[in-house]
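Working notes for the structure below.
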Amino acid sequence: MSSTEKTSTTIPNPSSTIPVYSPSALELPSLTKESPKFTQESLPTTPEALSTPLDTSHALPELPRTPPRPAKNLVNPRFALVRSMDNNGSSSGSTPLKANPSSRVNSSQTLENINPFIKSDLDNHETKIPFKRLVAKLCDIDESQFDNLVQAIRKASWLNDPCVRNAAVRFCQGVSEEDRYEPFAELSNHILRLAKEDASLAELEITYPISDGVWCRSDPIVIQRHKQHGRNGAERKPDVVYLRRRHLDAEAVVGGKRVRKWFELILYCEHKEPGPAEEKGPIVCSVLSATQSQGISNSQQAPLASQPHPLSRLTTPSSSHEDSEEQPPSGRSSGKRKRVDGGSQASAVSGSSAKRARQVTAPKNARMQAAGYALEILSNTDGSRSHCIGLILFRQDLSIWYYDASGIVTTAETIPIIDQFETFAAIIISLARCTPKQLGATPRIDPPADKTPTNHFPPETMEGYTISLTPVPIDGGRPETRAAPSSASQAESVPTKLVSSVPREASRVTVTLGSPIFSQYALVGRHTIVYRATLNGSIATCPPGTALVVKISQQVSTRPRESDLLNQARNAGVKNLPELHLAEDLWNLDDGLRGSLSEAEQKNYEARTLRALVYTEYQALDSLFSTSAKYLGEMVYQMLDCLHDLRHRALILHRDISFNNIMVLLDGPDGKPLFILNDFDLATRVTKDGQQVASATSKHRTGTLPFMAWEVLYDLCATHENVKVINTNSTAPHRLRYDFESLLYVAMWCASQCESVSKPLAHTVAAQAKGWELGTYKQLYIEKSGLLGEAPQGGMANALSNFTFTPRFEPWREWFEAWLETVAPSVSLGKAYGTEAYPSKLYFKKRPDFDYETMKGVWTRDAIVSALRSAEPTPLPE
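Whatever position you read off the sequence shown (first residue = 1), add 23 for our numbering.
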């Protein structure tokens, strides 16, 4: 199966058959009076429960059909910290409601899978501001300085320069968009040549930190995909790009094709022509008269003096265009070119519009493609870029686009680059004079002494870079020695005062970044990166020789700090936590372009902070379970204890239990593996009764789709496709049982995905995983309900019998059955008494006297552990 094909949810198990979930079959169950009734035997038999009447008069609401969700490629198994799913405007304690590309575990990153996420980011996180203001903010110049530059260019009559005029004429004469790639690059390069040669600009004090920048045609070169994605990565071909000359000259050739990498792209320009229903062809521009254009032949065109080879050396135009919805003509026009003054056209630029910006909206496919390039740059540069800048050119109408972790900022108007040539030239010059910081270099992380920011930008990775951090009380200090609590109430009241093993006056420590381990694949989001790290100094919590990693991410500023939550949990006596040694806030997104936006322009913006944390390095679960099934139960028992204590002792819910967020120390203190609960980015504080502590919230919510509880999946299915902004009171508060249920799915994932098997079993388990990752919310809800014993329409009851485990883990099947039998009554109870997941729509109204946290004692650590211990395989499989 190719990486771009849709994945069927049918699992070709040789010994059993799973039904195909066609869209027509995906109708959720409805508990009407004709539906099967719940018996007293299926519910708790306490007097309180028996005295509570069951209301079975309501039916399920009709749910929207949801499209397949994009996939995430398996990252380096050594250390994978985050898989996030972002959403608009949900409450701080509720459960995640929308995905981004990094919400998957091991599926492909093809255009088909990724584009729904890009579209969502464009729809929900785009802000428009005036053209000149955006240029001024991006390039750190006054608008008056920009106006002076425009006037100087007009006064010098740059458009009459033979090379400039020739490139402009050839640009306008182009019949297809491919015809305009090279003329646009040449026009931009001649503008930069004149800017450096024209003495009249000297008084403007224009400098060029990156003096060897050059525009060139890039299409049809496919930019090399990230090493984490390999063949599963998306193939993208930007039309025209701005590179450093040294990168252009040093391009490698692999398999007869030139190779270009995403980190090399400083700027890019996506060209688009009108759709089939609109008129195409040459562009009529009043500033280029027929007399002027006829007098210039192609022989008069001269390459830039600074270029050792002409730009035409690049590959000729391709007849295909990457993933666009509207295909332009595949070839150049035959015979003689049309003159720029020939024929009237609906798309022609009139002279009356030449002196003002225009309201021309970039086509949807151009916006998607340009945002896709930004996604690749931000995700494939190992954290060295905090933002990137792109251009979209719709015929001759130019818009500028800025992308960062919080969203997209673009120009409210477009500039016709030929009719307003002087303004266009000033834009090209302003972008070329940007410093590395203005072009996206990540702040507060310093290159090696022999690599200055200007000379080294853009770097391929940040290996060898350094960060200066302080081991203050948020360093992972140990808890005070205390007696074990004698009751649950005492456990809940354990003080969370920070106890640090490092004095506040400790000196700063320099952290040197090693090789990159992980880079989050997302356009809008945390942009988490993980590097191996070494300390140039010593701290009390880190013995010499300890393997370390540094996690750097742009966290929502209003979320609790991960370091604070970890110390709160550690000081409450919670075990199985990662050793945190250093943590510091490095930089705020408000310090850049975002801080200059007005309140009205910040409606789609939320503040983010660049945070760095240094941890002990742990191993991914598959490093253990790829060779042994012995400790599967131990992993579950340790995590059940950790999650229970986290909730009842530290008053914290993790909210993102996933395969990649549980790590392992293979050689634990007692000789057994020690499992570590990782990634507290999305954790939240709760009260003793489980209610989320009121706090500032994030517009973006996160979680990991394959491991979500069935109620959460229903909530996603019932609400996400119908609303763009979720009411903060409409989603269910997160409960500890959701984390317990996610742990169940993590254990099932380990038992089916870690062991290396041969065909045809390998195909079966791979299809099974893709079903969890690429299925619709409705499909996943049906499958998870089936695992818990229900039989929704289109699904199967007791679906575990049809779930494939790899041979080494097959002895654990009865153990999983015991787990499912223990918690299965919670589904019936939820339907009888209601749940908190959209209580006004899901099944029945919420009852204030019902125990929603444990579902009347069904979802508790003790009940689950008791059932699992009695069903363990004997002897434990190796």
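A virtual CB, placed ideally from N, CA and C, is assigned to each residue, including glycine.
Check                                                                                                                                                                : Outcome
In chain order, which continuous runs of the beta strand (DSSP E) of length 3 or greater are located wholly inside the segment 394 to 444?                           : 410 to 417, 420 to 427 and 430 to 434
Would you decide whether Ala273 is buried or exposed? Buried here means 16 or more other CB atoms lie within 10 Å of its CB.                                         : exposed
Looking at C-beta atoms only, is the number of pairs between the segment 469 to 488 and the segment 599 to 618 that lie closer than 8 Å three or more?               : no
Where Leu663 and Val532 are concerned, what is the direct C-alpha to C-alpha distance, given to the nearest angstrom?                                                : 36 Å
Threshold first: 3 residues or longer. Then list the beta strand (DSSP E) segments lying entirely within the segment 570 to 616, N to C.                             : 571 to 579 and 603 to 611
Could you tell me the alpha carbon to alpha carbon distance between Arg456 and Ser561, rounded to whole angstroms?                                                   : 41 Å
Spatial neighbours of Lys460 within its chain, please: CB distance less than 7 Å, with the 5 preceding and 5 following residues excluded, ordered by chain position. : Pro466
Where does Arg248 sit, in a helix, a strand or coil, going by DSSP?                                                                                                  : coil
Between the Cα of Pro539 and those of Asp702, Val553 and Asp885, spot the shortest distance and give me the residue it belongs to.                                   : Val553
Applying the criterion that 16 or more other CB atoms from any shown protein chain within 10 Å of the CB defines a buried residue, is Ser765 buried or exposed?      : buried
Using a Cβ-Cβ cutoff of less than 8 Å, which residues in the same chain neighbour Val746 once the five nearest sequence positions on both sides are dropped?         : Legend: pLDDT at Val746 = 36, less than 50; position of this residue unreliable, no value from coordinates given.
Leaving out five residues on either side along the sequence, give the residues of the same chain with a beta carbon under 8 Å from the beta carbon of Pro76.         : Reliability of the predicted coordinates at Pro76 is poor, the pLDDT of 40 falling under 50, and the value obtained from them is presented with this limitation in mind. No residues qualify anywhere along the chain.
Please report the straight-line C-alpha distance between Lys155 and Tyr641, rounded to a whole angstrom.                                                             : 49 Å
Leaving out five residues on either side along the sequence, give the residues of the same chain with a beta carbon under 7 Å from the beta carbon of Asp469.        : Tyr488 and Thr489
Considering just the uninterrupted stretch of the alpha helix (DSSP H) at Glu778, what are its terminal residues?                                                    : First-last for Glu778: undefined, no H or E at that position.
First and last residue of the beta strand (DSSP E) that includes Lys801?                                                                                             : Premise fails: Lys801 lies in the alpha helix (DSSP H), Tyr800 to Leu810, not in any beta strand (DSSP E).
May I have the straight-line CA-CA distance separating Asp872 from His786, to the nearest angstrom?                                                                  : 48 Å
As a quick exercise: from Ser199, Val659 and Val198, pick the residue whose alpha carbon is nearest that of Leu697.                                                  : Val659
Compare the Cα-Cα distances from Phe480 to each of Val432, Val769, Ala623 and Gly406 and report the closest residue.                                                 : Gly406
Please determine if the segment 561 to 571 and the segment 406 to 416 are in contact, where contact requires at least 3 C-beta pairs separated by less than 8 Å.     : no
Just to confirm before moving on: does the CB-CB distance between Glu293 and Ala389 stay below 7 Å?                                                                  : yes
Helix, strand or coil for His148? Go by DSSP, reduced to three states.                                                                                               : coil
Using beta carbons (cut-off 7 Å, strictly below), is Leu290 in contact with chain C?                                                                                 : Checking the listed chains, one finds no chain C in this structure; it contains a single protein chain.
Lys142 to Gln625, Cα distance in whole Å?                                                                                                                            : 20 Å
Grouping DSSP H, G and I as helix and E and B as strand, with all else coil, what is Pro756?                                                                         : strand
Use the C-beta contact count for Ala225: other C-beta atoms within 10 angstroms, 16 or more gives buried, fewer gives exposed.                                       : exposed
In the structure shown, what three-state DSSP assignment does Thr727 receive?                                                                                        : coil
Per DSSP, what kind of secondary structure is Lys295 in: helix, strand or coil?                                                                                      : strand
Taking the beta strand (DSSP E) that Cys239 belongs to, which residues open and close that run?                                                                      : Gly236 to Arg240
Per DSSP, which one or two residues make a beta bridge with Tyr638?                                                                                                  : Val572 and Leu603
What's the gap between the Cα of Leu655 and the Cα of Phe648?                                                                                                        : 8 Å
Please report the distance separating the alpha-carbon of Thr684 from that of Leu669.                                                                                : Checking the sequence shown, residue 684 turns out to be Asn, not Thr. The alpha-carbon atoms of Asn684 and Leu669 are separated by roughly 15 Å.
Given this structure, state the Cα-to-Cα distance separating Glu515 from Trp882, to the nearest angstrom.                                                            : For Glu515, the predicted model reports a pLDDT of 37, less than 50, meaning its position is unreliable; a value from the coordinates is still stated below. Cα-Cα distance, rounded: 19 Å.
If I measure Cβ to Cβ from Leu398 and keep anything under 6 Å in the same chain, skipping five residues before and after, which residues do I get?                   : Leu546
Does the distance from the CB of Phe730 to the CB of Val769 come in under 7 Å?                                                                                       : yes
Going by C-alpha distance, which of Phe541, Arg892, Arg634 and Gly809 is nearest Trp835?                                                                             : Arg892
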